[in-house]
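2 protein chains.
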Amino acid sequence: MEKKCTLKDLAKILNLAVSTVSKAINNSPEISQLTKIKVQNTAQLYNYSPNKSAQNLKTKKTKTIGVIVPDVLSHFFAMAIHGIETEANSKGYKIIICLSNESREKESKSINTLINGSIDGLIISLSKETQITEDYGHFEEALKYNFPIVLFDRTFEKIICDKISINDQLAAKEATEYLLQTGCQNIIFLSTISGTSVGEKRRMGYLDGLKNTGIQSSILNIKNYNSFEKLLMSQLQNFKVDGIVTADELSAISTMKYALKNSFKIPEDISVIGFTNGVLAENYIPSLTVVDQQAKKQGTIAARTLIKRLNKKKPIKPVHRTLKTSIIQRQSTFALTAKITEIDNPSGKQLPSKV
Amino acid sequence: MEKKCTLKDLAKILNLAVSTVSKAINNSPEISQLTKIKVQNTAQLYNYSPNKSAQNLKTKKTKTIGVIVPDVLSHFFAMAIHGIETEANSKGYKIIICLSNESREKESKSINTLINGSIDGLIISLSKETQITEDYGHFEEALKYNFPIVLFDRTFEKIICDKISINDQLAAKEATEYLLQTGCQNIIFLSTISGTSVGEKRRMGYLDGLKNTGIQSSILNIKNYNSFEKLLMSQLQNFKVDGIVTADELSAISTMKYALKNSFKIPEDISVIGFTNGVLAENYIPSLTVVDQQAKKQGTIAARTLIKRLNKKKPIKPVHRTLKTSIIQRQSTFALTAKITEIDNPSGKQLPSKV
DNA sequence: CTGAAAGCGCTTACAG
DNA sequence: CTGAAAGCGCTTACAG
């Protein structure tokens, strides 16, 4: 690879000092208009652009944000990344992405490689393992140096930093109440993410929703998709169930898939509501009623919050933002005409009402 | 944010020269065992880790790979990113991700901000706009300096660099032949990505597949999902169609969604085959028969190829790798007992055979 | 085996 | 308005 043109090269060509050239390129008011034009023209001619490593070293800024998420395959995180990238880019930042694959070890390694001058700040959604073990030791060093961190979605109260999330507990309570209002009498909670902060909060929200209804609660935790059908069916065949609140998107879809396969009708026999408004939820038959988690917005706000902090001279108090959720009513549940806006019912079919 | 410990700090504490400390930390054979141990212990004690910007500036390496993809929401690119990240990480590289959002402008900007010392090499899948306009000017500078680039999936022959892809034309031909072999007589090709290299190749493959069969070809290009149902239905209702080769995953799912909604049976009335083995294809009812594009493997090989090049002292000739595809037979088509392995038919139902 | 020096490519306080 | 100098935090050829 050939050598790129440097400030020194330009200085020699123009017969100017390196410092003058630097200032001219950065449009410093110290420099005369004439010189600026001359310098900028030659810079363009030689396709000059400042070396980032040198700039970073000198200015102690990288204009880069680190992002660590559990995975990139689930719609929620992909969408959040999209939001982060868009916002960051519009403010002149690049993003480095690390996937923890739900592993604390990998998360820890990523933090360590990133905070040594590769990035200005970090946006993280915690790995399942980190949340289950509650071992946050790998954050200590970053926190000691006051390294700017924003947690989103899967957060933890003991880590003192900016946090962006939805009110998972309230959202699950509302989802449960929604099923109740459409006439469901036997509602269970199904989760493949028990142990994560959001999984636990949603479970509690479900319990909140059933409080004072006299309805027996029932929780089905599934660790592994291999046993999904077996566990779900043993529940559906041995107990009366007419409504299922699921903790994420894929588990909702799998619930529908196996229920339909085993001749249950949705929503006639069983209503299903899920979390995250993804492409699966939207395109499935029946389309899935979901709690919109505002994935993109969480990403956008996370990036915005971080960049705001980076631009402050003095440390500011941690910011906690809780985004509002809404229920998107589709075909996997009965209709609720009041309150909830019906969007995106591509079939145009009238949603059935429970009598 | 507090100051991090530097080599200079350590040197002062240990009463050694900066150069000695540097070598000790990097385990240079020049340094005595005793000194190494002393230095490494204090380094650990003070939580020392070398400043990346300084290292990058000095060594002219960043151990970072840039990745530019059209989006992160489609399963193919998310999976490719997963492959790239895993491979890169295992070799000690980080990845910076930029999303072109199918825009040439954004792609161009990303290239320019990345190649100025932020990364060692670049992995790109071209944006739709770049491919349609065939304007590759934004690659000129990088190519002039021999900047290491790997193109994957959406490639272009005029850009001289490493390339990883599948044989899209052959894969589409095989998909078409597959439908023929299961008994389809009126097969159309449906695409929402016409104009991209892969879209065109798949279209040609479809035509190849029909050659010498006497079957009339018919191509349905859809630019916008808003008119998807209307265009598809006008085709299905006015012409005899019993097989559809679609150019990607979401368009296949949408095809099934709207066909089912309009009372067509799949595969009895219409067989559908798609590209990309994503979570939609796997979980839909009926599950979708697809050409497995080897998303993760394309990513892995792209990263591996790039890193191999980065480790070479001398420039080597561009590498072109074409990965083998396979058809994953599911429920959206009739069964073909020979040749093709049936995997992932979660329902366990026997696939119907066309008589 | 240890250290002094140069230099990667920038920016910026200071001098003239 | 222009320039000489110092320095960001490293690495590495060279000297001793």
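Chains A and B, in that order, give the protein sequences.
Just so you know, we're using this note's numbering here: the first sequence kicks off at 421 and counts up by one.
Just so you know, we're using this note's numbering here: the second sequence kicks off at 421 and counts up by one.
Just so you know, even glycine gets a beta-carbon here, dropped at the ideal spot from N, CA and C.
Here the structure is a predicted model, which is why all the values come from computation and not from measurement.
Chain B within 8 Å of residue i, Cβ atoms only
i: A/L700; result: yes
i: A/E505; result: yes
i: A/D764; result: With a pLDDT of only 44 at A/D764, under 50, the local geometry of the prediction cannot be trusted, and no value is derived from it.
i: A/L519; result: yes
i: A/L656; result: no
i: A/E561; result: yes
i: A/L652; result: no
i: A/T482; result: yes
i: A/K424; result: yes
i: A/L546; result: no
i: A/I485; result: no
Backbone secondary structure at residue i - three-state DSSP
i: B/K733; result: coil
i: A/R750; result: coil
i: A/K583; result: strand
i: A/F648; result: helix
i: A/T709; result: strand
i: B/S614; result: strand
i: B/F695; result: strand
i: B/F559; result: helix
i: B/N641; result: strand
i: A/L599; result: helix
i: B/T440; result: helix
i: A/K481; result: coil
i: A/R574; result: coil
i: B/I664; result: strand
i: A/K685; result: coil
i: A/V739; result: coil
Whole-number beta carbon distance between residue j and residue i, since they are thought to touch under 8 Å
i: B/V692; j: B/S617; result: The pair is not a contact, with the Cβ atoms about 23 Å apart (cut-off 8 Å).
i: B/V489; j: B/L519; result: 6 Å
i: B/I721; j: B/I584; result: 5 Å
i: A/S528; j: A/H558; result: 4 Å
Closer than 8 Å to chain A by CB, residue i
i: B/Y565; result: yes
i: B/A474; result: yes
i: B/S439; result: no
i: B/P470; result: yes
i: B/S510; result: no
i: B/G537; result: yes
i: B/V435; result: Here residue 435 of chain B turns out to be Asn, not Val, going by the sequence shown. With 8 Å as the cut-off, B/N435 does not count as an interface residue toward chain A.
i: B/S767; result: With a pLDDT of only 44 at B/S767, under 50, the local geometry of the prediction cannot be trusted, and the value read off the model is given with reservation. Yes, contact with chain A.
i: B/P772; result: Reliability fails at B/P772, whose pLDDT of 47 lies under 50, so the model's placement of it is uncertain and no value is given.
i: B/S442; result: no
i: B/N461; result: no
i: B/K677; result: yes
i: B/L708; result: no
i: B/L680; result: yes
Residues near residue i by beta carbon distance below 8 Å, same chain, minus five either side
i: A/I539; result: T482, T484, I485, G486 and I516
i: B/L651; result: L640 and I642
i: B/N521; result: P490, D491 and S547
Proximal residues of chain B, C-beta to C-beta of residue i below 7 Å
i: A/V381; result: Residue 381 of chain A lies beyond the stretch modelled for chain A, which goes from 421 to 775, so this question has no answer here.
i: A/P522; result: Contrary to the premise, residue 522 of chain A reads as Glu rather than Pro in this sequence. By Cβ distance, chain B contributes nothing, its closest Cβ being about 13 Å from A/E522, past 7 Å.
Close Cβ partners of residue i (< 7 Å) along its chain, the five nearest in sequence each way excluded
i: A/C581; result: I569, V570, L571 and P738
i: A/R574; result: S545, L546, Q551, T616, S617 and V618
i: A/V661; result: N606, I608, Q655 and I690
i: B/S439; result: none
i: B/K424; result: none
Contacts around residue i, its chain only, beta-carbon distance under 6 Å, and the 5 residues preceding and following it disregarded
i: A/G719; result: A500, G503 and I504
i: A/K511; result: I727
i: B/A715; result: F496, M499 and A500
i: A/V710; result: G694, N697, A701 and I748
i: B/S442; result: L427
Residue i: contacting residues in chain A (beta-carbon distance under 8 Å)
i: B/I686; result: By Cβ distance, chain A contributes nothing, its closest Cβ being about 11 Å from B/I686, past 8 Å.
i: B/N697; result: Ordered by position in chain A, no residue passes the 8 Å Cβ test against B/N697, which lies about 12 Å from the chain.
9 Å Cβ cut-off: residues of chain B touching residue i
i: A/N447; result: Going along chain B, no residue has its Cβ under 9 Å from A/N447, so there is no contact; the nearest lies around 18 Å.
i: A/K737; result: Here the premise fails: no neighbours, minimum Cβ distance about 15 Å.
Chain-ordered neighbours of residue i on chain B, where CB pairs are closer than 8 Å
i: A/K514; result: I516, C518, T533, L534 and S538
i: A/S674; result: N703
i: A/Y670; result: The residue you asked about is not Tyr; residue 670 of chain A is Leu in the sequence shown. Per Cβ cutoff of 8 Å: V699 and N703.
Chain A contact residues for residue i, given Cβ-Cβ distances below 7 Å
i: B/L477; result: S473, A474 and L477
i: B/N467; result: E561
i: B/L726; result: The contacting residues do not exist; B/L726 stays about 13 Å from chain A at best.
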